[in-house]
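Numbering (the numbering used here), first residue to last: 16 to 410. Where is the CB? At the ideal position from N, CA and C, for every residue including glycine.
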Ligand SMILES: Cc1ncc(COP(=O)(O)O)c(C=O)c1O
């Protein structure tokens, strides 16, 4: 790879980049080489320390690992706990709230990740009224539409910071201001923003934030994070809970829980320790690289992709405006799913989403030449008469 991009020094830390054009970090970031050592450390600790591992670090790991995320999203030490995934974190948050009263409205934006909505609609049986705010074009969601939907009956507003389908950045600060004026709480899903653009949960003012490891943070599967505004903690009593959330877990008291005062309050049962080992190398590397630096490169490379798509006459179905553009460029071509499969056969990894197109995600380890290559290949597959004929067989 040529060029003077200092971030390319990271390429040797990500084995998959040796053979594969890896443009899918919005879905599964590349595995850092040092993660294998970390997993080996887990095995050795278990094998040699046995049960003592709990008091030598494992017990606190959901919080100590969360601290590595805290420095990426602007949360303080001890403000984040790790769980298995976003869906669990969202379920814990919604289980803290009382959906029976007259303030029972949950506003969810139309670009939200569907898993979150599945959880919200499940709350209808507890009395929640779910108010979706659709996106007019499937790409953007004008902030005013969301602001208008929030009223005195709103209990929770759910917004993804960056939309998974179109990479549109939402004005979470404005939405939070409005929600707080109306006495509502806000949960932000940071999965598609943390690690690729600067996030500051305190500046945004959100009450809760969730996210996971496997995308821009280059961690392994099974590690999601939950941030709860520290001053809210004592008011919240999650119904989805467990013994780790107890003030004195090792007293094993029967009956209702006496919640811990710190972030352990939002834990439940035994944490997924190997997943935490597999997640932390990515967090360390993102911390070391710096999200501002990553964002500067991402803006330059996403613009390059857009320019290449325009030059090839391909349809861009994601945000163009750098102020609201996340880390992904979506290119819509006929039979995008099959084009994506052919790209994989050519060792170029991207993905395809219905009602969007081919999602292409450069990250800090991406070389400019890889962007040129993916666009050249998409153009050639999409216009190649032989592959066109082959593809017609699927019609
Ligand atoms: C914005 C967003 N939220 C949530 C999820 C899913 O989270 P999980 O599988 O951790 O529940 C995804 C992705 O797959 C996502 O892009």
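Under the criterion of beta carbons closer than 8 Å, residue 293 and residue 235 qualify as touching, at roughly 3 Å. Cβ-Cβ separation between residue 188 and residue 220: approximately 6 Å, consistent with a contact (criterion under 8 Å). Here residue 95 has 81, 84, 85, 240 and 242 as same chain residues with Cβ atoms under 6 Å from its own Cβ, once five neighbours each way along the sequence are excluded. Around the beta carbon of residue 263, fewer than 16 other beta carbons sit within 10 angstroms, so the residue counts as exposed.
Judged by DSSP in its simplified three-state form, residue 365 adopts coil rather than helix or strand. The region 67-75 makes no contact with the region 194-209; the number of CB pairs closer than 8 Å stays below 3. In the pairwise beta carbon analysis, the region 153-168 is classified as touching the region 104-123: at least three pairs are separated by under 8 Å.
Note on geometry: alpha-carbon atoms of residue 327 and residue 348 lie some 11 Å from one another. For residue 227, the enclosing beta strand (DSSP E) covers residues 223-227. Between ligand 1 and the CB of residue 100, the shortest heavy atom gap is smaller than 7 Å.
When the beta-carbon positions are compared, residue 50 and residue 228 stay at least 8 Å from each other. Partner residues in the beta bridge of residue 146, as assigned by DSSP, are 122. Contact between residue 354 and residue 344 is ruled out by a C-beta separation of about 15 Å, above the 8 Å threshold. In this structure, DSSP gives residue 158 a helical state, which the three-state scheme calls helix.
For residue 175, the enclosing beta strand (DSSP E) covers residues 169-175.
With distances taken between CA atoms, residue 318 lies nearest to 375 out of 375, 260 and 275. The beta carbon of residue 128 sits closer than 7 Å to at least one heavy atom of ligand 1. A residue is called buried once 16 or more other Cβ atoms fall within 10 Å of its Cβ, and residue 394 is buried on that count. Of 135, 178 and 179, the smallest CA-CA separation from residue 170 is found for 135.
Look at residue 175: its beta carbon is less than 7 Å from one of the heavy atoms in ligand 1.
In this structure, the straight-line span from the alpha carbon of residue 56 to that of residue 73 is close to 12 Å.
Segment contact: the region 35-44 against the region 365-374, three or more CB-CB distances shorter than 8 Å; contact assigned. Taken through DSSP and simplified to helix, strand or coil, residue 390 comes out as helix.
Classified as exposed, residue 356 has fewer than 16 neighbouring CB atoms from the shown chains inside 10 Å of its CB.
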